[in-house]
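In the numbering used here, the protein residues as written are 11 to 370.
Given below as C-alpha cells:
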C-alpha cells in the first residue's frame with residue numbers, strides 16, 4: 011500500500027509539548043435492560059460493594075444481537091447507524107462487519123464481507139494446509155481520527171512467530187472499509203513480554219486520544235488454563251498509550267492501568283474505557299479464560315485517565331447473566347451508552363447488547 015503524508019499538517023498541544031500530527035492519506039433497537047451507573051457522586055474506594063444497579067425488564071435482561079459467531083465485538087455509532095466489528099470467523103474472513111440503524115433493533119451481518127481483506131506485511135506468512143491464512147486476526151476496533159479518516163486497530167500473529175500477536179493499524183475513507191494496512195510494522199509489539207492484543211481507541215473530553223490494550227503475557231505462560239495457571243505465572247497488564255490526532259503516532263511511553271490478580275485466574279484482557287458523567291473513568295475488562303464459563307467482565311474506576319484504578323467487582327458473569335462466558339465487551343457512547351459483548355461456546359460466541367444509562 012502506498013501512503014502519502016502531505017506537507018500540510020495540524021499542530022496539537024499536548025502537555026506543553028507541540029506535536030506535529032498529519033492526516034493519513036492512502037490510495038485506497040432498543041434493549042430491554044438498563045443499568046444505572048451512579049458515578050457522579052461515587053468516590054474511588056477500596057470497598058467491594060457494586061455501584062451498578064441492574065434494572066431487569068422482561069422478557070430478558072440482555073438482547074441477542076447476532077446468532078452467529080461474532081467474538082470480541084466493538085461498536086461505533088455514526089450517522090444514525092451502529093457498526094460492529096468482530097474477530098475472524100475461522101472461514102477466511104479477517105474482520106467481520108454487522109450494522110443496524112438507530113431506528114431498528116435488528117442487526118444485519120454482512121456475510122462474506124471482510125472489512126480487513128489484507129493484513130500488514132508483518133503478519134503475512136505461509137497458509138494453513140486448507141489454504142486459509144495464518145493471520146488469526148482478533149478484536150478489531152475502529153475510531154475516526156481528527157481528520158475524519160477511519161482507523162482500525164487489530165491484533166494479528168507475527169509472520170516469524172505465529173504464537174505471538176501484535177497490534178496493527180489499518181485505514182479507510184469510510185467506516186465500513188475495506189481497511190488497508192498502514193505501515194510495514196505493527197503499531198504496538200512488546201514481543202519480549204508476549205506481544206499485545208485487544209486494542210481499543212478512546213478520545214477524552216479534552217480531545218486527547220488514547221489506546222488501551224493488553225500485554226499478552228499468557229502467550230509465554232508455563233501451561234494450564236489459557237496457558238497461564240502453572241507457576242511462574244506471567245503478568246497480563248492492561249496498558250494505556252497516548253496517540254496523536256491521526257490515531258497512529260505514539261506519544262510517550264505506555265502506562266500500566268491494571269494487572270491480573272489471583273482472583274482473575276490466568277489473565278485480564280479486552281479493555282474498554284469510558285468517561286462517565288462527573289469525569290470518572292470506567293475501565294471494563296475480561297478475566298478468566300475465553301473458552302470457559304469463567305470468562306466475565308469486570309470493571310474499575312479512576313478519577314484520572316492514567317489511574318490509579320480501583321476495582322469494583324464483576325459486571326457480567328455466567329451466573330448473573332445466564333449466558334456462558336460473557337466477555338470481550340466494548341462500549342460506545344451515542345445518544346445512550348450501548349455495550350456489546352459475546353457469550354457462548356468457542357465457535358458460536360454470539361453478540362449480545364445492553365443499553366447503559368447513567369443514574370444518580
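The C-beta atom is built at its ideal place from N, Cα and C for all residues, glycine as well.
Under the three-state DSSP convention, the category residue i falls into
{"i": "residue 240", "result": "coil"}
{"i": "residue 8", "result": "In the structure displayed, the chain extends from 11 to 370; residue 8 sits before or after that span and is not available."}
{"i": "residue 117", "result": "coil"}
{"i": "residue 234", "result": "coil"}
{"i": "residue 202", "result": "helix"}
{"i": "residue 228", "result": "helix"}
{"i": "residue 218", "result": "coil"}
{"i": "residue 124", "result": "coil"}
{"i": "residue 269", "result": "coil"}
{"i": "residue 274", "result": "helix"}
{"i": "residue 364", "result": "strand"}
{"i": "residue 131", "result": "helix"}
{"i": "residue 351", "result": "strand"}
{"i": "residue 197", "result": "coil"}
{"i": "residue 188", "result": "coil"}
{"i": "residue 28", "result": "Confidence at residue 28 is low in this model, with a pLDDT of 29, below 50, so its placement is unreliable and no value can be given for it."}
{"i": "residue 80", "result": "coil"}
{"i": "residue 302", "result": "coil"}
{"i": "residue 86", "result": "strand"}
{"i": "residue 177", "result": "strand"}
Inter-residue Cα distance where the pair is residue i and residue j
{"i": "residue 158", "j": "residue 239", "result": "44 Å"}
{"i": "residue 350", "j": "residue 339", "result": "6 Å"}
{"i": "residue 117", "j": "residue 76", "result": "7 Å"}
{"i": "residue 101", "j": "residue 152", "result": "22 Å"}
{"i": "residue 145", "j": "residue 164", "result": "11 Å"}
{"i": "residue 173", "j": "residue 167", "result": "7 Å"}
{"i": "residue 68", "j": "residue 274", "result": "The pLDDT assigned to residue 68 is 35, lower than 50, so where the model puts this residue is not dependable; a value taken from the coordinates is nonetheless given after this. So the two alpha carbons sit approximately 31 Å from each other."}
{"i": "residue 269", "j": "residue 285", "result": "21 Å"}
{"i": "residue 212", "j": "residue 252", "result": "9 Å"}
{"i": "residue 323", "j": "residue 175", "result": "28 Å"}
{"i": "residue 293", "j": "residue 111", "result": "27 Å"}
{"i": "residue 10", "j": "residue 86", "result": "The chain is shown only over 11 to 370; residue 10 falls outside these bounds and no answer can be derived."}
Element boundaries [beta strand (DSSP E), containing residue i]
{"i": "residue 297", "result": "291-297"}
{"i": "residue 109", "result": "106-111"}
{"i": "residue 145", "result": "Unbroken run through residue 145: none, as it is neither H nor E."}
{"i": "residue 285", "result": "278-285"}
{"i": "residue 356", "result": "Where residue 356 is concerned, there is no enclosing beta strand (DSSP E), given that its DSSP letter is neither H nor E."}
{"i": "residue 248", "result": "248-253"}
{"i": "residue 161", "result": "160-168"}
Proximity below 8 Å, CB of residue i to CB of residue j
{"i": "residue 321", "j": "residue 308", "result": "yes"}
{"i": "residue 185", "j": "residue 93", "result": "yes"}
{"i": "residue 249", "j": "residue 291", "result": "no"}
{"i": "residue 196", "j": "residue 132", "result": "yes"}
{"i": "residue 150", "j": "residue 84", "result": "yes"}
{"i": "residue 208", "j": "residue 281", "result": "yes"}
{"i": "residue 295", "j": "residue 80", "result": "no"}
Where the alpha helix (DSSP H) containing residue i begins and where it ends
{"i": "residue 329", "result": "328-331"}
With 16 other Cβ atoms within 10 Å as the buried cut-off, status of residue i
{"i": "residue 287", "result": "exposed"}
{"i": "residue 215", "result": "exposed"}
{"i": "residue 254", "result": "buried"}
{"i": "residue 51", "result": "With a pLDDT of only 34 at residue 51, under the threshold of 50, the placement of this residue in the model should not be trusted, and no figure is reported."}
{"i": "residue 74", "result": "exposed"}
{"i": "residue 219", "result": "buried"}
{"i": "residue 21", "result": "Since pLDDT at residue 21 reaches only 21, below the 50 mark, its modelled position is unreliable, and the value read off the structure follows with that caveat. When all chains shown are included, residue 21 counts as exposed."}
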